[in-house]
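Going by the working numbering, the sequence shown opens with residue 9, and the numbers climb by one from there. For each residue, glycine too, the CB sits at the ideal point set by N, CA and C.
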Amino acid sequence: MAASKAQSPWIVCLLLAVAVTAIWWMYPSRVPTNVAYVSEEDGAISVLDLKTLSVVRRVQPQDVAPRGVAVTVDGKYLVTSDKNTQDLAVFNTPELRLVQRLPLGSSPEFLKLNPSGDRVFATFEPSSTGGPGKPPGSGNTDDDTNGPPAQIASFHVGDWRQGPTSTAGQETEGIEFSRDGKRMLAAKEAQDSIGIFDAVSGAHLRDINLTAYGIRPRGVKASPKGNGYAITMEASGTLLEMDADFNVVKVVPTGAKPYGLAFDRAGKRIFVAAAEARKLQVFSADSMQLIAEIPTGQRCWHFTFTPDDSQILLACGRSNNVIVVDANSYKPVRTIEGFRLPWGIVTYPKSYGSLDLP
């Protein structure tokens, strides 16, 4: 009897182990939710728990130096653009395991899913050296304005087949899509223009010359209302409003070196990361008047709302941190330290942000 009682805990443990194993096989690894993914140019991907606002995981795949970052609509895959290996890296999100490499060319940078989420688009610049962004005040060190034009490659999500590739212009930066997904817009920085492409075939349709309104377009976002676009002009420090027919209708000044921008979900506000001014600026989408300015760190290029729209997370590449701001009061909530050249940030569930929705 005593021996039987002594063995009973072991029997219970064995049964529990069998049950856990059965559950594991019945329910495969679940997609992480309520998380943010941060790409770090110095060779890492970090995962933030959005409830605790803390880093819960960090991986450093060999040779990976990610910049652009995107998460698929179902949350199963994270895609990053890698300047070292000159490709896109595809990770499964439950394990953050590298499952696919998609060859591109030198200096892949910006990533964007089309509105339906079935293709991912990436810019790369054959003429670029592809190094990290320069510190503020270091002057214009661009050396790729006379080389081959940038390309925008596309890949089918899931089987990762390559789709059409579009020829853009030197130093092509942000890309965006019309609300119906038929047109792709690309900021052609060195040509001071926006290229318009057929989003299905990749064919170049026309260019919108912006030299009368500013210098070096960098970010472009579609309004959630479907009535136009907003564009940051980095060198001139201006924000443009463009209607649905690609006519510039308003121009307002911003802080120095604006790049990433995003509308809020309602389309009432435009948030602009003025990197050199070290500010996140908030504009009325209707009047384009400045509403608020939020102090940030150094080289804060990209940001995202949280899925509930209550907070904004900014990746600050030269401060090596992520700054969390209340999206309504505009007050700082927390600064999360310990990153290494953070470049981009996206969430799952997907949120509005400079790299993601709309």
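With a threshold of 16 other CB atoms inside 10 Å of the CB of residue i, please say whether the residue is buried or exposed.
| i | result |
| --- | --- |
| E48 | buried |
| D364 | buried |
| A274 | exposed |
| N235 | exposed |
| S337 | exposed |
| A230 | buried |
| H310 | buried |
| S295 | exposed |
| E179 | buried |
| L213 | exposed |
| P350 | buried |
| F347 | buried |
| A300 | exposed |
| W32 | Low per-residue confidence applies at W32: pLDDT is 34, beneath 50, and the placement is therefore not dependable, though the value from the model is reported in the following sentence. Flag for W32 reads exposed. |
| T219 | exposed |
| R307 | buried |
| P261 | exposed |
| K59 | exposed |
| D367 | This structure cannot settle anything about residue 367, because the visible part of the chain is limited to 9 through 366. |
| R224 | buried |
| E345 | exposed |
| K91 | buried |
| K358 | buried |
| G268 | buried |
| T29 | Summary for T29: the model assigns pLDDT 34, below 50, so the residue's position carries little reliability; its value from the coordinates is reported in the next sentence. So T29 counts as exposed. |
| S4 | An answer regarding residue 4 cannot be provided, because it is not within the stretch 9 to 366 covered by the chain. |
| P143 | Here the model assigns P143 a pLDDT of 45, short of 50, so the residue's position is not dependable and the matter cannot be decided. |
| Q70 | exposed |
| G393 | This structure does not reach residue 393, given that the chain is present from 9 up to 366, and the question cannot be answered. |
| S201 | buried |
| V64 | exposed |
How about residue i and residue j: are their beta carbons less than 8 Å apart?
| i | j | result |
| --- | --- | --- |
| L119 | A78 | yes |
| R226 | E242 | yes |
| V341 | I302 | no |
| A270 | G361 | yes |
| G76 | G325 | no |
| G1 | S174 | Look at the range of the chain in this structure, 9 to 366, and you will see that residue 1 is not part of it. |
| D188 | G203 | no |
| A97 | V72 | yes |
| N328 | T343 | no |
| A264 | A285 | yes |
| L288 | L322 | yes |
| V55 | G83 | no |
| T88 | I53 | yes |
| G171 | R105 | no |
| V259 | T240 | no |
| T312 | T355 | yes |
| P156 | P134 | yes |
| N129 | S114 | A quick correction: the sequence has Phe, not Asn, at residue 129. No, these two residues do not count as a Cβ contact at 8 Å. |
| A207 | A194 | no |
| R277 | V257 | no |
| F99 | L86 | yes |
Tell me, please, which residues DSSP counts as bridged to residue i.
| i | result |
| --- | --- |
| S124 | DSSP output for S124 lists no bridge partner at all. |
| L106 | F99 |
| Q159 | F132, T175 |
| Q170 | F163 |
| T93 | BP columns for T93 are empty, so no partner. |
| L119 | A130 |
| D57 | V43, S62 |
| A52 | E48 |
| A78 | V87 |
| V67 | I53 |
| P111 | D95 |
For residue i, verify whether its CB is less than 7 Å away from any heavy atom of the ligand MN.
| i | result |
| --- | --- |
| R127 | The ligand MN is not part of the structure shown, which contains no ligands of any sort. |
So within the stretch 257-328, which uninterrupted alpha helix (DSSP H) runs reach at least 4 residues, ignoring any that extend past its ends?
Complete alpha helix (DSSP H) runs here, min 4: none at all.
In chain order, what are the residue ranges of uninterrupted alpha helix (DSSP H) at least 4 long that sit wholly in the stretch 185-221?
Segments of the alpha helix (DSSP H) lying fully in the stretch 185-221: there are none.
Those runs of the alpha helix (DSSP H) which lie wholly inside the stretch 223-250 and span at least 4 residues
Correct list: empty.
Starting from the N-terminal side, write out each stretch of the alpha helix (DSSP H) that is 4 residues or longer and does not extend beyond the stretch 325-364.
For the stretch 325-364, not a single whole alpha helix (DSSP H) run of length 4 or above is found.
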